[in-house]
Amino acid sequence: MRNIILPLACLLLLGGSACAQEDLLSQLDSTQVQDTYATAAFKGLQVITLQSTKMPAKKEFYFVVSHRFGTVKGGISEFFGFDDATTKIGGIYGLTDWLAVSGSRHTLSKVYETSVKYRLARQSDLFPFEIVGYNTLDINSLLKKDDYPKIEFSDRLTYITQLIVSRKISERLSLELVPSYIHKNLYNPEIENDNQFALGYGGRMKISKRLSVNLEYAYNFNKPDFYKNPLSVGLDVETGGHIFQLLFTNSQSMTESGYLTSAAGDWGKGDFFFGFNLYRVF
358 MRNIILPLAC
368 LLLLGGSACA
378 QEDLLSQLDS
388 TQVQDTYATA
398 AFKGLQVITL
408 QSTKMPAKKE
418 FYFVVSHRFG
428 TVKGGISEFF
438 GFDDATTKIG
448 GIYGLTDWLA
458 VSGSRHTLSK
468 VYETSVKYRL
478 ARQSDLFPFE
488 IVGYNTLDIN
498 SLLKKDDYPK
508 IEFSDRLTYI
518 TQLIVSRKIS
528 ERLSLELVPS
538 YIHKNLYNPE
548 IENDNQFALG
558 YGGRMKISKR
568 LSVNLEYAYN
578 FNKPDFYKNP
588 LSVGLDVETG
598 GHIFQLLFTN
608 SQSMTESGYL
618 TSAAGDWGKG
628 DFFFGFNLYR
638 VF
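For the sequence shown, the numbering used here puts the final residue at 639, and the numbers step up evenly by one.
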C-alpha cells in the first residue's frame, strides 16, 4: 500500500507545482501585455466647432443645441448680436463604443447634416495618439426649385472627410490635429474650388475639475481671399449630465463645410460672434 501511496503523492505534488508555475507564468504574460488607455482628453464631443476625439459610449444618446449669435460689431443697436441668432438642433447616438451616428438641422442655409464618427486607435502606454475618423454629408435645402429649375438633389450635397488625431499631454493639457477634405457639388468656380483642403488645430487646458479653456484654428489652403480662416476660443463647463460650451468665433456657421470654407468674421476689426454648445447625455 505504501508503494502505491508514495508515488501518487509525488505525482500530486509535482502536478500542483506545475499548475502553480503555469498560473504564475500566465499572470506574468498578462502583466507584460497589459495596456492602459488615456481617458478624458476632451470632455466635449467638439473642441469648439472642430470635432474632438471623444466618442459616445455604446447606447449613449446626446441631445445637442447650439447657437451662434450675430456679430458683436453691431453694438447695442443689435444687442451685440443677440438679435440675429442661428441655431443647430441634433442628436448623436453611440452604436458601439467605437462607432457613432448623428443628425442635425441648421437654420443657416437650412442645412441638414448627417455624420458618422468612428475610432481607429486609442492612446495608451503602447500607442501615443487617439485617432478618430469623421465623415459628414450636408444637404442644402435653402435653394428652391422655382428659383433654380435645373437643380438636382445631388447639387445640394457637400461631403467632408476628417481625420482627428489627438494626444493627452498631461492631466491638464490635450492637443489635436485635424486634416480635412471638403467637396462641394454646387459651387461658384469664379470665386472658389469644388475641392478644398484644410488643416485644423485644437487644444484644451483644464483649469479646474469642471472648467477648461479651449482654443482652435483651421487653415484653409484653397479658400477665397475675402473669407478668413476660422479662429475660436471657448470655455467648457461640466455640470453633471450637461456639457456647456461658451465661445467666441469668427464663423457664424456651425457645419464643418461652413466654418472651414466661409468664415466671414475678422477678429482684428472686432467682427466676431458669441455662441454656445449644449450637450445633454441620456
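Positions of the beta carbon are idealized from the N, C-alpha and C atoms, including for glycine.
If you count every other CB in all the chains shown that lies within 10 Å of the CB of Asp454, and 16 or more means buried, which is it? exposed
The region 555–575 touching the region 590–606, judged by at least three CB pairs closer than 8 Å: yes
Roughly how many whole angstroms lie between the Cα atoms of Phe399 and Asn497? 30 Å
If you follow the beta strand (DSSP E) that Gly427 is part of, which residue opens it and which one closes it? 418–428
Residues that Arg637 bridges to, as DSSP identifies them: Phe420, His599
Give the C-beta separation of His463 and Met562 to the nearest angstrom, bearing in mind that I take them to be a contact with Cβ-Cβ under 8 Å. Taking 8 Å as the upper bound for CB-CB distance, His463 and Met562 are not in contact here, some 29 Å apart.
Please classify Arg567: does DSSP put it in a helix, a strand, or coil? coil
Using only CA atoms, which one of Lys580, Leu635, Lys416 lies nearest to Asn545? Lys580
How is Leu381 classed by DSSP in three states: helix, strand or coil? For Leu381, the predicted model reports a pLDDT of 38, less than 50, meaning its position is unreliable; a value from the coordinates is still stated below. Here Leu381 sits in helix by DSSP.
Give the straight-line distance between the Cα atoms of Gly401 and Thr428, rounded to the nearest whole angstrom. 25 Å
Output the residue ranges of the beta strand (DSSP E) runs that lie fully inside the region 441–528 and measure 3 residues or longer, sorted by chain position. 443–451, 456–463, 468–478, 487–497, 514–525
Identify which residue in Thr406, Thr393, Gly432 has its Cα closest to the Cα of Lys626. It is Gly432 whose Cα lies nearest to the Cα of Lys626.
One or two residues paired with Asp582 in a DSSP bridge: None; Asp582 has no bridge partner.
Where does Ala414 land, buried or exposed, given buried means 16+ other C-beta within 10 angstroms? exposed
Along the chain, where does the beta strand (DSSP E) containing Ser531 start, and where does it finish? Note, Ser531: beta strand (DSSP E), 530–541.
Which class does Thr606 belong to by DSSP, given the choice of helix, strand or coil? strand
When the Cα atoms are used, what is the spatial distance from Ser619 to Phe578? 12 Å
Name the DSSP beta bridge partners of Glu613, please? As DSSP reads the structure, Glu613 sits in no beta bridge.
Let me know the secondary structure DSSP gives Glu573 once reduced to three states. strand
With C-beta atoms as the reference, is Lys502 less than 7 Å away from Ala395? Not closer than 7 Å, so no.
Use the C-beta contact count for Arg425: other C-beta atoms within 10 angstroms, 16 or more gives buried, fewer gives exposed. Under a 10 Å Cβ-count criterion, Arg425 is classified as buried, with 16 or more other Cβ atoms of the shown protein chains found around its own Cβ.
Answer with buried or exposed for Gly460, where buried requires no fewer than 16 other C-beta atoms within 10 angstroms of its C-beta. exposed
Check whether Thr606 and Glu487 have beta carbons under 7 Å apart: no
Let's test the definition: count the other Cβ atoms within 10 Å of the Cβ of Ile517 and tell me whether it reaches 16, buried, or not, exposed. Classification of Ile517: buried, given that the 10 Å Cβ count is 16 or more.
Taking the beta carbon of Phe630 as the centre, do at least 16 other beta carbons fall within 10 Å, making it buried, or is it exposed? buried
How is Ser619 classed by DSSP in three states: helix, strand or coil? Ser619 sits in coil when the DSSP states are folded into three classes, being neither helix nor strand.
Comparing alpha-carbon positions, which option in Asp512, Ser565, Phe418, Ala555 lies nearest Arg529? Nearest neighbour of Arg529 by Cα position, chosen from Asp512, Ser565, Phe418, Ala555, turns out to be Ser565.
Selected residue, minimal CA-CA separation from Thr471, among Asp495, Pro485, Asp482, Leu465: Asp495
Whole-angstrom distance between Asp512 and Val522, CA atom to CA atom: 31 Å
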